[in-house]
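Protein chains in written order, with this note's numbering: chain A, 129 to 352; chain B, 23 to 442.
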């Protein structure tokens, strides 16, 4: 099976005067259709790794491949385009634009990509919202809905451009157990039905065990 | 690949959800531009009024025969005294005619000169205004009144009667307002004048002249050129002064020198006649622009503050936008287009408000002895001021927004997202 995401010898340091070695020789890969989770203690570097994998953090040494294409060293606008087209994000704290409606939030990445007409985008965004059982919230302001609902809107937004990879930074971390389970099921369904690759950082051991593979990080190294 | 539509959409949503900040920023620009327009229109209006006050009464170049000592005294003809320093007592001015030699051909020649807008002949005569046994000294200037009115706006200073009345009356006189008051004369009455030689003439008052400068109005009167020539008993080519108006006033000093040599007369240009004129104009313009620019800079700082605050408030939004695929430039354009909107809307409102304020000033009564024809404050509606004002509005908002927007462009989304 081909690798969606691959890293070779990624190293990262924090600080300049007295550098702190956060990530040490990280080499790993995510397969097509795999649901992987990253676990580790606080300060083990798991979030740092996630942001490097997401192309947002470019301050590292080593190589990052996305669909066998070298991403390391590309310009910021190119990376923005890659994020827009190929990667979907779900954060711990929802991160919707509070002044926009739910529907507009979902449509935003697609409008930025600009491959479809606004009508097509609207229709697809509505479909996604309905599939996530929040179709009735479409015209609500993003700041006016509950936490569980916000996270589902974030999932819809992450999926609108049909990415090849979904990245989550403790997506369930801020949710109660009911909503947490609900979100996990949604992610699992996406993987099973559409063959989407998923990678998420989590603290929740039970949740991690139910993913295809768990990568453990300790002191900046992957341990088996 | 830039998706303008969605960028503008985000900018618009930000502007309208933060309506209060938007309005505050726009009002800052509006007041800045309105104050600029008002101030510049009013100041330049006043300036050109003051300039006109001087320019209308003073020719650009004045030709005359100066009474002065000969530059080459007879002693310089003797070779024996070549190395000596001559000391001469009681030098007398050179015996000379007051009239300009060949005045009529000179006038013809001047009319053909491309730089010259017009030349008007004058005859200055010292006379006495007589009232019974009382004699008041004064000047009577003989003019070609139709030419004069074209070149010096003399008609603006005629408070009663008109230039046509003078033209049509052989022995008419435009009497200085000071003399008219002293002698209790009004239009239609007769006045006796006498020359320095003692010849007496009776003239008919056809109009009252008021320059606004009391010293002039107390002595100066105007009559037709031919009338004054007859009073002095001189021929028709007897002209003592030629006043010249140019198409371009800046040429005056250079042309004065040329004419001086060409016609062998004395020539004074406007800068010599009224040296403080140019200085005064320049300083007033400087003040106008200094104050206007200060106003615009203050407005600019207002915009800078609001944009900066907006960006701090929107840190999260910026991080999300970057995470979902908007580049730094996209984010920068969002904030710049907001600034453009604030600049354009505030600028246009400012122009309208400025026009209203200048219009108001234009209608405020302003009556002064010095300017008999002016009844309200002078205002200059120069469209160039409006264009400059609008561009300045755009420029100041752009500069004020550029640095905050650059900050937004360079915000690291990872720091914001992890910081929470």
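Virtual Cβ for every residue (Gly too), placed ideally from N, Cα, C.
task = Say whether chain B places a C-beta atom closer than 9 Å to the C-beta of residue 228/A.
result = yes
key: Cut-off 7 Å between Cβ atoms - residues of its own chain near residue 289/A, not counting five sequence neighbours on either side   = 212, 213, 237, 238 and 241
message = With a threshold of 8 Å, are at least 3 pairs of Cβ atoms found where one atom belongs to the segment 285-300 of chain B and the other to the segment 160-173 of chain B?
response = no
query = Where residue 191/A and residue 158/A are concerned, what is the direct C-alpha to C-alpha distance, given to the nearest angstrom?
reply = 15 Å
request  = Please report how far the alpha carbon of residue 141/B lies from the alpha carbon of residue 198/B, in whole angstroms.
outcome  = 23 Å
task = Report the three-state DSSP secondary structure of residue 414/B (helix, strand or coil).
result = helix
key: Spatial distance of residue 283/A from residue 217/A (CA atoms)   = 8 Å
ask   = What does residue 217/A touch in chain B if you count any residue whose Cβ is under 7 Å from its own?
value = 345 and 346
request  = Could you have a look at residue 239/B and say whether DSSP puts it in helix, strand or coil?
outcome  = helix
ask   = Candidates 265/A, 323/A and 281/A: which alpha carbon is nearest residue 291/A's?
value = 323/A
Beta-carbon gap between residue 361/B and residue 422/B smaller than 9 Å = yes
request  = Pull up the CB-CB distance for residue 298/A and residue 339/A, whole angstroms please, since I reckon it's below 8 Å.
outcome  = Contact flag wrong, Cβ pair sits at about 14 Å.
Minimum Cβ-Cβ distance from residue 165/A to chain B less than 9 Å = no
Complete runs of the beta strand (DSSP E) confined to the segment 175-244 of chain B [at least 3 residues] = 180-183, 194-198, 212-217 and 222-231
Below-9 Å beta-carbon distance, residue 142/A vs any chain B residue = no
task = Taking residue 181/A as the reference, give the member of 189/A, 204/A, 201/A and 135/A with the closest Cα.
result = 135/A
message = Taking its Cβ as the centre, do 16 or more other Cβ atoms sit within 10 Å of residue 23/B, making it buried, or is it exposed?
response = Residue placement at residue 23/B is flagged as unreliable, the pLDDT there being 48, under the threshold of 50; the coordinate-derived value follows with that caveat. So residue 23/B counts as exposed.
ask   = Alpha carbon to alpha carbon, how far is residue 172/A from residue 339/B?
value = 28 Å
message = Measuring straight from C-alpha to C-alpha, what distance separates residue 376/B and residue 93/B?
response = 59 Å
ask   = Which chain B residues are close to residue 172/A, counting only those with a beta carbon under 7 Å from its beta carbon?
value = Near residue 172/A there are no residues of chain B at all, since even the closest Cβ is about 14 Å away, more than 7 Å.
ask   = Any contact of the segment 130-148 of chain B with the segment 259-271 of chain B, i.e. 3+ C-beta pairs under 8 Å?
value = yes
request  = Can you grab the Cα-Cα spacing for the pair residue 233/B / residue 133/B, in whole Å?
outcome  = 27 Å
Segments of 4+ residues assigned as alpha helix (DSSP H) that fall wholly inside the segment 311-356 of chain B = 337-345
task = Taking the CB atoms as reference points, tell me whether residue 294/A and residue 254/A lie closer together than 9 Å.
result = no
Nearest candidate by alpha-carbon position, reference residue 207/A, set 425/B, 344/B and 354/B = 344/B
task = Please report how far the alpha carbon of residue 148/B lies from the alpha carbon of residue 220/B, in whole angstroms.
result = 11 Å
message = Is it buried or exposed, residue 283/B, if we count other Cβ atoms within 10 angstroms and call 16 or more buried?
response = exposed
inquiry  = If contact is defined by three or more beta carbon pairs under 8 Å, each pair taking one atom from either stretch, is the segment 95-110 of chain B in contact with the segment 58-72 of chain B?
reply    = no
request  = Using a cut-off of 9 Å between C-beta atoms, extract the partners of residue 350/B located in chain A.
outcome  = 204, 205 and 208
ask   = Are the beta-carbon atoms belonging to residue 228/A and residue 44/B less than 9 Å from one another?
value = no
inquiry  = Helix, strand or coil for residue 58/B? Go by DSSP, reduced to three states.
reply    = helix
message = So, at 8 Å on beta carbons, what are the nonlocal neighbours of residue 418/B in its own chain, with the 5 sequence-adjacent residues on each side left out?
response = 51, 54, 318, 319, 321, 322, 325 and 365
key: Backbone secondary structure at residue 317/A - three-state DSSP   = helix
message = Closest to residue 195/A by C-alpha separation, out of 174/A, 226/A, 160/A and 176/A, would be which residue?
response = 160/A
query = Of the residues that make up the segment 185-202 of chain A, which ones have a beta carbon closer than 7 Å to any beta carbon in chain B?
reply = 185
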